[in-house]
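Peer 1: My structure is below; once you've seen it, I'll send some questions.
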Amino acid sequence: MQTGTALIYDEEMTKYKLLWVDPACKIEVPERLTVSHEALVKNGLVDRCVSVPVREATDADILLVHSEEYLEAVKKTPFMTLEDLMEFTQQYGDVYFHPNIYHCAKLAAGAALQLVDNVMTGKVRNGMALVRPPGHHSMRSAANGFCVFNNVSIAAQYAKQKHGVERVLIVDWDVHHGQGVQYCFEDDPSVLYFSWHRYEHQKFWPQLRESDYDCVGKAKGAGFNINVPWNKVGMQNTDYLSVFFHVLLPVAYEFCPDLVLVCAGFDAAIGDPEGEMCATPDIFAHLTHLLMNLADGKVCAVLEGGYNLTSLAQSVCQTFQTLLGDPTPLPVNLDGPCQSALESVHCVRSAQKPYWSCLKHAADLPTFELSTKRIKVVEEEERTEKVEEEKNTEEIVWPDPPKRVSPCVRTAVVLPDGVDCPDGCKRFTDLHPDPLLGKKLENILKDSNDSDALSTLSSLTALIEKMETNKICNGLVLVRDVSMAMMCVVQHAASLNKRALIVCVANEAIPIDLTDDGKTIMVHFSSKESEEQKGKYYIPVCLKKGCSDTSGIMQAVLGLVLPLGYQYNPDLVLLVRMPDCRISESVWQQLIGILQGLAQEHTLVLMQENEKASVTPSASTLLGNPAPRLGPLQGPQSDDVEALERLRQKLQSDWTLLQTTAPDSR
Ligand SMILES: COCC(O)(O)CCCCCNCCCN
Ligand SMILES: [Zn+2]
Numbered sequence: 001m002q003t004g005t006a007l008i009y010d011e012e013m014t015k016y017k018l019l020w021v022d023p024a025c026k027i028e029v030p031e032r033l034t035v036s037h038e039a040l041v042k043n044g045l046v047d048r049c050v051s052v053p054v055r056e057a058t059d060a061d062i063l064l065v066h067s068e069e070y071l072e073a074v075k076k077t078p079f080m081t082l083e084d085l086m087e088f089t090q091q092y093g094d095v096y097f098h099p100n101i102y103h104c105a106k107l108a109a110g111a112a113l114q115l116v117d118n119v120m121t122g123k124v125r126n127g128m129a130l131v132r133p134p135g136h137h138s139m140r141s142a143a144n145g146f147c148v149f150n151n152v153s154i155a156a157q158y159a160k161q162k163h164g165v166e167r168v169l170i171v172d173w174d175v176h177h178g179q180g181v182q183y184c185f186e187d188d189p190s191v192l193y194f195s196w197h198r199y200e201h202q203k204f205w206p207q208l209r210e211s212d213y214d215c216v217g218k219a220k221g222a223g224f225n226i227n228v229p230w231n232k233v234g235m236q237n238t239d240y241l242s243v244f245f246h247v248l249l250p251v252a253y254e255f256c257p258d259l260v261l262v263c264a265g266f267d268a269a270i271g272d273p274e275g276e277m278c279a280t281p282d283i284f285a286h287l288t289h290l291l292m293n294l295a296d297g298k299v300c301a302v303l304e305g306g307y308n309l310t311s312l313a314q315s316v317c318q319t320f321q322t323l324l325g326d327p328t329p330l331p332v333n334l335d336g337p338c339q340s341a342l343e344s345v346h347c348v349r350s351a352q353k354p355y356w357s358c359l360k361h362a363a364d365l366p367t368f369e370l371s372t373k374r375i376k377v378v379e380e381e382e383r384t385e386k387v388e389e390e391k392n393t394e395e396i397v398w399p400d401p402p403k404r405v406s407p408c409v410r411t412a413v414v415l416p417d418g419v420d421c422p423d424g425c426k427r428f429t430d431l432h433p434d435p436l437l438g439k440k441l442e443n444i445l446k447d448s449n450d451s452d453a454l455s456t457l458s459s460l461t462a463l464i465e466k467m468e469t470n471k472i473c474n475g476l477v478l479v480r481d482v483s484m485a486m487m488c489v490v491q492h493a494a495s496l497n498k499r500a501l502i503v504c505v506a507n508e509a510i511p512i513d514l515t516d517d518g519k520t521i522m523v524h525f526s527s528k529e530s531e532e533q534k535g536k537y538y539i540p541v542c543l544k545k546g547c548s549d550t551s552g553i554m555q556a557v558l559g560l561v562l563p564l565g566y567q568y569n570p571d572l573v574l575l576v577r578m579p580d581c582r583i584s585e586s587v588w589q590q591l592i593g594i595l596q597g598l599a600q601e602h603t604l605v606l607m608q609e610n611e612k613a614s615v616t617p618s619a620s621t622l623l624g625n626p627a628p629r630l631g632p633l634q635g636p637q638s639d640d641v642e643a644l645e646r647l648r649q650k651l652q653s654d655w656t657l658l659q660t661t662a663p664d665s666r
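Residue 1 is where the sequence shown starts when you use UniProt numbering, and the numbers rise one by one after that.
In structure tokens:
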């Protein structure tokens, strides 16, 4: 299994800057790279990474995206006088040139290519390149928005040409629209480009009509361009996650990329003068984690924007820590998307509906959108660049990102004798069994003299306590009676006053009575509609074909379990696989991998002791290895989707992160 996270950085890329007065460009300073790298050093993250050297992109590399005339023109800039540079710059927008910027632009593009080479040849699992000048605005024959060469677009073409990559997903979480990337791939179905961006109904830079949600790509590329416009500032963590759960991830899993490239701009974070958003730096820990079970974990992030030097440095560290496998921080108080974000999610899903089977049941465009579409056309003439009113300069503050400590034991296992402990795991037994345990569990234990049941249960309860005190990150336990063990965990977690999210994959109903105090939530996958209501904390997901239905499970995991789990924010995630369920190993691993974003990766996997074959794959994912790809997903069963929609309608008043449509409140 490939490991290692590449860090690509070279201080040469700090050696250019704005040489004249230009208010639009003054934020793009060399310190952006130095503060980021220094933060990595200070947090001991440089030493944990594999340092990969930069290289200059060759002409051939650059010509994968740019025209010869543009490259030839840029080649002349090192020899220009200051006046020539200013005049040369005039022909482009919101960008500046410098005698050394061509050299740095080759290094920035070359850094992205080095990252792709090292990931695609298996020298590292994933990585990030800290570069400037950034890339996503530059076009075939034009510099734009601080960008000279389109680093990530070149990397995508390079990955296809040199490494035979067939499908590339580009996730652009920078707060600006990477129009350069969109133009490069808009008719190319092998590159799926996803971007969210501050838009404010086309009032925000670069004020392009083609940045709106209805620009879905052209010809064969229709459906392979996804624009999520933010029509208001102040978007928060919950808005970003809502878009991942209900737009990006379902489509990304259906697309099943061979490689994920990230236009990692951190101007989407709080404090940034460009974005004016409110998402905190730790959100990038989650966004990164949610991409890491795609493409067998092959994730290459390349720095784009980010102008608040404090939030930039914090966001860069959060991203590297997740790439390195450190537990994600708790996703605190997510209270569901704001109205504007919900409208954007609703519009994007309906615009993309014809192209993705995971969206085939998405709602149609809200009626108000149809009406305002016309109004917007009318306003077109009146369009004036939003007056750059003085940014409210009062200091914006936010809490430091939480410490993310890796427990000394990553994965503990409780296995029957004769079952080998997988490499990297630690066999766990309870050294101080609680003599009263039998008594405490008598309501659960059928036969309190059953000594090895009792010993397994005492190991189980002791393991939970080690996870709660962060001595152990996660665990895998094989038991004879899964139902009984599950009830024991529920009872014990409740006694520790810890909130547990239980995801149970089964085929039959399961005998469990959940307390209605919300200390435990259970999502129960089965093939049978369970008639009796078991309260709002028991959530039955019925799949006609049962747990062998990969698309059905993934649809429910991404669109229901994740949002609900993130909003519930448990201390512990219990993954229970009942003996009779026929879930595929890869889907089971995806479930384990995806849900590790919750509860600081305190995941407890519970299986029947005869599932020996599943011990190694389950343990591999618990150890932080990426879950295997599922292959391009077909559409889920229609009646399953309708059942899921009914469930969503029922739950979304309590769990607002489940919402995907804006009430027609106009
Ligand atoms: C790929 O570069 C990263 C980036 O997307 O952040 C570039 C933003 C250019 C923003 C240009 N308008 C500045 C107007 C003054 N406030
Ligand atoms: Zn940006």
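We treat Cβ as the ideally placed atom computed from N, Cα and C, and that holds for glycine.
(1) Thinking C-beta only, is G271 closer than 8 Å to T310?
(2) Helix, strand or coil for W196 per DSSP?
(3) Among all the DSSP beta bridges, which residues are the ones paired with A500?
(4) Give the straight-line distance between the Cα atoms of S586 and C215, rounded to the nearest whole angstrom.
(5) On the criterion of 16 or more Cβ atoms from any shown chain inside 10 Å, does M235 qualify as buried, or is it exposed?
(6) With DSSP run on the structure shown, which of helix, strand or coil describes M80?
(7) From the DSSP output, in three-state form, read off D341 for me.
(8) Let me check you understand the geometry: is the CB of V175 closer than 7 Å to at least one non-hydrogen atom of ligand 3?
(9) Could you give the distance in angstroms between the alpha-carbon of P206 and the alpha-carbon of H197?
(10) For ligand 1, I want to know if E642 counts as a neighbour, meaning its beta carbon is within less than 7 Å of at least one of the ligand's heavy atoms.
(11) Give a yes or no on contact between the region 415 to 431 and the region 600 to 616, applying the rule of three or more CB pairs nearer than 8 Å.
(12) Any idea what DSSP makes of Y537, helix, strand or coil?
(13) Is D172 near ligand 2, judged by its Cβ being under 7 Å from some heavy atom?
(14) Of the choices I170, S153, G145 and Y158, whose alpha-carbon is the least far from that of H176?
(15) Could you give the first and the last residue of the continuous beta strand (DSSP E) run that contains M139?
(16) Is it true that the CB of L501 sits closer than 8 Å to the CB of F245?
(17) Considering only DSSP beta bridges, list what W588 is partnered with.
(18) Using a Cβ-Cβ cutoff of less than 6 Å, which residues in the same chain neighbour S551 once the five nearest sequence positions on both sides are dropped?
(19) In terms of residue numbering, what span does the alpha helix (DSSP H) encompassing D117 cover?
(20) Mind checking whether N474 and H346 have CB atoms under 8 Å apart?
(21) Classify M484 as helix, strand or coil using the three-state DSSP reduction.
(22) Exposed or buried, K650, counting other C-beta atoms within 10 Å across all chains shown (16 or more means buried)?
(23) Under 8 Å, with one C-beta from each stretch per pair, do the region 153 to 167 and the region 251 to 270 reach the 3-pair mark?
(24) With a threshold of 7 Å, establish whether the CB of G122 neighbours any heavy atom of ligand 2.
(25) With respect to 7 Å, is the separation between the Cβ of C104 and the closest non-hydrogen atom of ligand 1 below this value?
(26) Assuming P229 is part of the beta strand (DSSP E), what are its boundary residues?
(27) State the DSSP-derived secondary structure class of residue 687, mapped to helix, strand or coil.
(28) Roughly how many angstroms lie between the CA atoms of H524 and D549, to the nearest whole one?
(29) Report all residues from its chain with a CB closer than 6 Å to the CB of G110; omit the five preceding and five following residues, and keep chain order.
(30) Should L436 and T5 be called a contact, given that it needs their Cβ atoms to be closer than 8 Å?
(31) What residues in its chain sit with their C-beta under 7 Å from that of L71, if we drop five residues either side in the sequence?
(32) Identify, in the order they occur along the chain, each residue of the same chain with its Cβ nearer than 6 Å to the Cβ of T621, setting aside the five sequence neighbours on each side.
(33) Just verifying my parser: in three-state terms, what is the DSSP assignment at V165?
(34) Starting from the Cα of A662, find the closest Cα among D117, D517, S242 and I464 and give me that residue.
(35) When you compare each of G418, N625 and K446 to T411 by their alpha carbons, which one comes out closest?
(36) Just mark A219 as buried or exposed, buried being the case when its beta carbon has 16 or more other beta carbons within 10 Å.
Peer 2: So, from the listed chains and residues:
(1) The sequence position of residue 310 within the sequence shown is 310, counting from 1. The sequence position of residue 271 within the sequence shown is 271, counting from 1. Yes.
(2) Taking the sequence shown and counting its residues from 1, one reaches residue 196 at position 196. Three-state DSSP puts W196 in a strand.
(3) As a first step, residue 500 is located in the sequence shown; it is residue number 500 there, counting from the start. Answer is T520 and L572.
(4) Residue mapping note: residue 586 aligns to position 586 of the sequence shown, counting from 1. Residue mapping note: residue 215 aligns to position 215 of the sequence shown, counting from 1. If I take the Cα positions, the gap works out to 34 Å.
(5) Within the sequence shown, numbered from 1, the residue matching residue 235 stands at position 235. Its Cβ being crowded by 16 or more others within 10 Å, M235 is buried.
(6) Position 80 of the sequence shown, counting from 1, holds the residue named residue 80. Reduced to three states, the DSSP call for M80 is coil.
(7) Here residue 341 corresponds to residue number 341 of the sequence shown, with the count starting at 1. The question names Asp, yet the displayed sequence has Ala at residue 341. In the structure shown, A341 sits in a helix (DSSP, three-state: H, G or I).
(8) Ligand 3 is not among the ligands present in this structure, which contains only ligand 1 and ligand 2.
(9) Locating residue 206 in the sequence shown gives position 206, where the first residue counts as 1. Locating residue 197 in the sequence shown gives position 197, where the first residue counts as 1. Near 10 Å, if we compare the C-alpha coordinates of H197 and P206.
(10) Counting from 1 along the sequence shown, the entry for residue 642 is found at position 642. E642 Cβ: outside cutoff for every heavy atom of ligand 1.
(11) yes
(12) The count along the sequence shown starts at 1 and reaches residue 537 at position 537. Reduced to three states, the DSSP call for Y537 is coil.
(13) As a working note, residue 172 is residue 172 in the sequence shown. For ligand 2, not one heavy atom lies less than 7 Å from the Cβ of D172.
(14) On the sequence shown, residue 176 is found 176 positions in, with the first residue counted as 1. Nearest C-alpha to H176: G145.
(15) Working through the sequence shown from its first residue, we reach residue 139 at position 139. No beta strand (DSSP E) contains M139, which DSSP labels as neither H nor E.
(16) Taking the sequence shown and counting its residues from 1, the one referred to as residue 245 is at position 245. Taking the sequence shown and counting its residues from 1, the one referred to as residue 501 is at position 501. Between F245 and L501, the CB-CB gap reaches or exceeds 8 Å.
(17) One-based indexing of the sequence shown puts residue 588 at position 588. Its beta-bridge partners do not exist; DSSP assigns none.
(18) Translated into the one-based positions of the sequence shown, residue 551 becomes position 551. So the list reads L633, Q634 and P636, once near-sequence residues are dropped.
(19) What you label residue 117 is simply residue 117 of the sequence shown in a count that begins at 1. Counting along the chain, the alpha helix (DSSP H) containing D117 begins and ends at I101 to M120.
(20) Within the sequence shown, numbered from 1, the residue matching residue 474 stands at position 474. Within the sequence shown, numbered from 1, the residue matching residue 346 stands at position 346. No, Cβ-Cβ distance for N474 and H346 is not below 8 Å.
(21) Position 484 of the sequence shown, counted from the start, is the residue given in the question as residue 484. If DSSP states are grouped into helix, strand and coil, M484 belongs with the helices.
(22) Here residue 650 is taken as the residue at index 650 of the sequence shown, counted from 1. That one is exposed.
(23) Of all C-beta pairs linking the region 153 to 167 to the region 251 to 270, three or more are shorter than 8 Å, placing the two stretches in contact.
(24) For the purposes of this step, residue 122 is taken as residue 122 along the sequence shown, with counting starting at 1. False, no ligand heavy atom lies under 7 Å from that Cβ.
(25) For the purposes of this step, residue 104 is identified with residue 104 of the sequence shown, where counting begins at 1. Not so, every heavy atom of ligand 1 lies at least 7 Å from the Cβ.
(26) One-based indexing of the sequence shown puts residue 229 at position 229. Where P229 is concerned, the enclosing beta strand (DSSP E) stretches over N225 to W230.
(27) Residue 687 lies beyond the residue range present for the chain, which begins at 1 and ends at 666; the question has no answer from this structure.
(28) Taking the sequence shown and counting its residues from 1, one reaches residue 524 at position 524. Taking the sequence shown and counting its residues from 1, one reaches residue 549 at position 549. In a straight line, the C-alpha of H524 is about 14 Å away from that of D549.
(29) Numbered from 1 along the sequence shown, position 110 holds the residue referred to as residue 110. Taken in chain order, the residues that qualify are V54, R55, E56 and A57.
(30) Position 436 of the sequence shown, counted from the start, is the residue given in the question as residue 436. Position 5 of the sequence shown, counted from the start, is the residue given in the question as residue 5. No, these two residues do not count as a Cβ contact at 8 Å.
(31) Here residue 71 refers to the residue found at position 71 when the sequence shown is read from its first residue. Result list for L71: D59, I62 and L63, in chain order.
(32) The sequence position of residue 621 within the sequence shown is 621, counting from 1. Result list for T621: Q589, I592, G593 and A627, in chain order.
(33) Numbered from 1 along the sequence shown, position 165 holds the residue referred to as residue 165. Residue state, collapsed to three classes: coil.
(34) As a first step, residue 662 must be located in the sequence shown, where it is residue number 662. Answer by Cα proximity: S242.
(35) Taking the sequence shown and counting its residues from 1, one reaches residue 411 at position 411. Taking only the C-alpha atoms, the option nearest T411 is N625.
(36) Taking the sequence shown and counting its residues from 1, one reaches residue 219 at position 219. Per the 10 Å Cβ criterion, exposed.
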